[in-house]
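Take a look at the structure below.
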Amino acid sequence: MSTFMKEEGKMFSKTAASLGWDVDRQIKELNNIYSGKVEFSRYNYSEYLERHSRPAICINWSADDIEDLELPECKFIRMIALFDPNYVGNIKTIRLPYCLKSVNVDEMCSGLSMRMLQGLSEHFVSKDIKLHKVVIRSGTKLKSVEGCTIVREFEDGSIKKEKLVITQCTVYERI
Amino acid sequence: MGTFMLKAGETFGIKAEMLGLDIDHQLKILNDLYHGKVEFDKDSFLENKIDVKRHYRRGIKRDVICIKWVADDIDDLKLPECEYIAAQVLFKESYKGKLRTLRLPRCLKKVDFYTIDLKVKYIENLVIPPETEYVDDNVCKIEKENADGSVSEMKMRLECDWVPYLDD
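These protein sequence lines are chains A and G, in that order. Residues 0 to 174 (numbering that gives the first Met the number 0) make up the first sequence, in order. Residues 0 to 167 (numbering that gives the first Met the number 0) make up the second sequence, in order.
Printed below as a string of structure tokens:
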């Protein structure tokens, strides 16, 4: 299945800035552009040791036929809150916008935990649904803990290497 | 600098099984064999057992042998064949050494990406032998597009801490 993207999404950040739209107006406009395919909603998050919450725009719903989504260029899209806790959909690959300056893997982890939460809480009753891939753009700085490389040896003498990024997050179990 | 390994370590698992040695005895012999080069210690972890039908999870304590100290001139170590070596705890909390590559023993049946010892981030390579089953479920792939158009891949592991979820 190919990547779902909207041409208007690529220019969205500039349009919103020039027209001075606030976060709620941006959600309304995004929901109009992506109508029937993706629904966005507001999510308030707090930075570590910060009293005031900040708004973010997250994915609330996506159509069943969308597995690969390119997010619109929007300054309110944050790694810490990519998905609404009540998210419904089949997204497996998410492509982050170019306007995202940096991505902290720890932050990403907590952002993904919302998605993971859904997968894990449903683990016992249905199949585990989870995000398979996150695509980070070349302009985005990736802050991560340098992990070790897993070297897998095979019977035919060949080897396969993959980088391990170790992060920790808490996934809450709904009782 | 080549891989540091001992011939006696290769057959250690079979001998220990034949003689019915317990974990403390195995630890003592390993420390004698690797004296001055590697020091092992005893540790434990909780192995999760999930009862899917009852939605019940319990931890079973498992004792293991892990690395406590490695001589400065060793940067590549092949672990001995020993039933008490587990990927969940490879290094002691107080580990000291300059290891860059760690080669797991062939007797290790399975390595689960999800539960590998977090302390492996202090080394560069973890070599898994071909006989060992490698499970990497529950991970999310991160693709980083580079400026030259190439793509570098990483895997992110989520360490789950199961605590009650509180509804608002």
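Where is the CB? At the ideal position from N, CA and C, for every residue including glycine. Note that the structure is predicted; figures quoted are calculated from it, not measured.
Quiz prompt | 8 angstroms Cβ cut-off: residues of chain G touching residue 148 of chain A | solution = Chain-order list of chain G residues neighbouring residue 148 of chain A: 123, 124, 125, by C-beta distance under 8 angstroms.
Quiz item: Taking the runs of the beta strand (DSSP E) that are 3 residues or longer, which of them lie wholly in the stretch 42-73 of chain A?
Solution: Taking only runs of at least 3 residues, the beta strand (DSSP E) segments lying wholly in the stretch 42-73 of chain A are 53-61, 67-69.
Practice problem: With DSSP collapsed to three states, give me the class of residue 115 of chain A. | Solution: Note that residue 115 of chain A scores 46 on pLDDT, short of 50, meaning its location in the model is unreliable and no value can be drawn from it.
Practice problem: Determine the DSSP secondary structure at residue 80 of chain A, reduced to helix, strand or coil. | Solution: In this structure, residue 80 of chain A counts as helix in the three-state DSSP scheme.
Quiz item: Should residue 147 of chain A and residue 125 of chain G be called a contact, given that it needs their Cβ atoms to be closer than 8 angstroms?
Solution: Yes, these two residues count as a Cβ contact at 8 angstroms.
Practice problem: Closer than 9 angstroms, Cβ to Cβ, to anything on chain A: give me those residues from the stretch 146-157 of chain G, in chain order. | Solution: If the cut-off is 9 angstroms between Cβ atoms, the stretch 146-157 of chain G has 146, 147, 148, 150, 151, 152, 153, 154, 155, 156, 157 near chain A.
Exercise. Pick out whichever of A:35, A:58, A:97, A:67 has its Cα sitting closest to the Cα of residue 12 of chain A.
Key: With distances taken between Cα atoms, residue 12 of chain A lies closest to A:97.
Self-check item: Residues near residue 144 of chain G by beta carbon distance below 8 angstroms, same chain, minus five either side
Solution: For residue 144 of chain G, where only same-chain residues beyond five positions count, the Cβ hits under 8 angstroms are 150.
Practice problem: Evaluate the contact criterion for the stretch 74-84 of chain G versus the stretch 5-19 of chain G: three or more CB pairs, one atom per stretch, below 8 angstroms. | Solution: The answer is yes - the stretch 5-19 of chain G touches the stretch 74-84 of chain G, with three or more Cβ pairs under 8 angstroms.
Quiz item: Could one say the Cβ of residue 18 of chain G lies closer than 8 angstroms to chain A's Cβ atoms, at least one of them?
Solution: False, the Cβ-Cβ gap to chain A never drops below 8 angstroms.
Self-check item: Contact list for the stretch 85-101 of chain A against chain G, Cβ threshold 8 angstroms
Solution: Residues: none.
Quiz item: Name the chain G residues whose beta carbon is nearer than 7 angstroms to that of residue 52 of chain A?
Solution: Those do not exist, as residue 52 of chain A stays about 14 angstroms from chain G at its closest Cβ, beyond 7 angstroms.
Quiz item: Nearest-angstrom Cα distance between residue 14 of chain A and residue 162 of chain A?
Solution: Straight-line Cα distance between these residues: approximately 39 angstroms.
Quiz item: Residues in its own chain within less than 7 angstroms of residue 42 of chain G by CB, not counting five upstream and five downstream?
Solution: Within the same chain, residue 42 of chain G has close Cβ partners 63, 65, 88, 91.
Quiz item: Where do the N-terminal and C-terminal ends of the alpha helix (DSSP H) with residue 14 of chain A fall, by residue?
Solution: Boundaries of the alpha helix (DSSP H) harbouring residue 14 of chain A: 6-18, taken from the DSSP string.
Self-check item: Cα-Cα separation between residue 74 of chain G and residue 103 of chain G, rounded to whole angstroms
Solution: When rounded, the distance between both Cα atoms is 14 angstroms.
Quiz item: To which residues does DSSP link residue 33 of chain G through a beta bridge?
Solution: DSSP lists no partner for residue 33 of chain G.
Self-check item: Identity of the residues DSSP links to residue 163 of chain A by a beta bridge
Solution: Residue pairing by DSSP puts residue 163 of chain A in a beta bridge opposite G:154.
Practice problem: Could you list which residues in chain G have their beta carbon closer than 9 angstroms to that of residue 153 of chain A, in chain order? | Solution: Those are 129, listed as they occur along chain G.
Quiz item: How about the stretch 24-33 of chain A and the stretch 80-95 of chain A: do they share at least three Cβ pairs that are nearer than 8 angstroms?
Solution: No, because fewer than three Cβ pairs between the stretch 24-33 of chain A and the stretch 80-95 of chain A fall closer than 8 angstroms, the two stretches do not touch.
Exercise. Throw me the rounded Cβ distance for the residue 56 of chain A and residue 90 of chain A pair, which I believe falls under 8 angstroms.
Key: Not a contact, Cβ separation roughly 15 angstroms.
Self-check item: Per-residue DSSP class, three states only, for residue 114 of chain G
Solution: The three-state secondary structure of residue 114 of chain G, taken from DSSP, is helix.
Quiz prompt | Beta-ladder partner(s) of residue 132 of chain G, from DSSP | solution = DSSP, once it has assigned bridges, lists G:109 as partnering residue 132 of chain G.
Quiz prompt | For residue 145 of chain G, the first and last residue of its enclosing alpha helix (DSSP H) | solution = Judged by DSSP secondary structure, residue 145 of chain G falls outside any alpha helix (DSSP H); it is assigned neither H nor E.
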